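A quick write-up on the structure given underneath.
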Amino acid sequence: MAHPQEKAYLIALDAGGTMTDTFAVDREGNFVLGKSLTNRENESKSYIESVADAASFLGMTSSDLHKQAISSTYTGTSMLNALLT
Numbered sequence: 009m010a011h012p013q014e015k016a017y018l019i020a021l022d023a024g025g026t027m028t029d030t031f032a033v034d035r036e037g038n039f040v041l042g043k044s045l046t047n048r049e050n051e052s053k054s055y056i057e058s059v060a061d062a063a064s065f066l067g068m069t070s071s072d073l074h075k076q077a078i079s080s081t082y083t084g085t086s087m088l089n090a091l092l093t
């Protein structure tokens with residue numbers, strides 16, 4: 009967990025049918041976006057790749073970004089679409 013003097017990020021991910029998107033925002037409102045193709049057989053791979061893409065814009069690894077996260081939310085529209093169709 010981030011300490012008060014460190015940068016802290018909120019991370020939100022959406023796993024869609026085609027793309028998995030990551031949105032990471034700091035306390036000042038600065039944000040980056042990350043994307044990866046959704047891997048329906050292994051959504052954890054899409055999660056990792058999307059977070060890594062966002063982290064690269066901050067000059068860090070996905071592990072570094074997670075260490076500075078105060079919250080991480082994952083949603084999956086592909087799951088919702090499967091239930092509705």
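Residue numbers (the numbering used here): 9 to 93. Ideal placement from N, C-alpha and C gives every residue a C-beta, glycine not left out. Model, not experiment: these values are computed from the prediction.
I need the DSSP call for residue i, collapsed to helix, strand or coil.
| i | result |
| --- | --- |
| residue 43 | strand |
| residue 26 | coil |
| residue 69 | coil |
What does the Cβ neighbour count give for residue i, buried or exposed, with the cut at 16 atoms within 10 Å?
| i | result |
| --- | --- |
| residue 21 | buried |
| residue 42 | buried |
| residue 73 | buried |
Determine the extent of the beta strand (DSSP E) in which residue i is found, giving its start and end residues.
| i | result |
| --- | --- |
| residue 16 | Per DSSP, residue 16 belongs to no beta strand (DSSP E) and is neither H nor E. |
Taking 9 angstroms as the cut-off, decide whether the C-beta atoms of residue i and residue j are in contact.
| i | j | result |
| --- | --- | --- |
| residue 54 | residue 44 | yes |
| residue 26 | residue 19 | no |
| residue 24 | residue 85 | yes |
Looking at the unbroken alpha helix (DSSP H) that takes in residue i, where does it start and where does it end?
| i | result |
| --- | --- |
| residue 51 | 51-64 |
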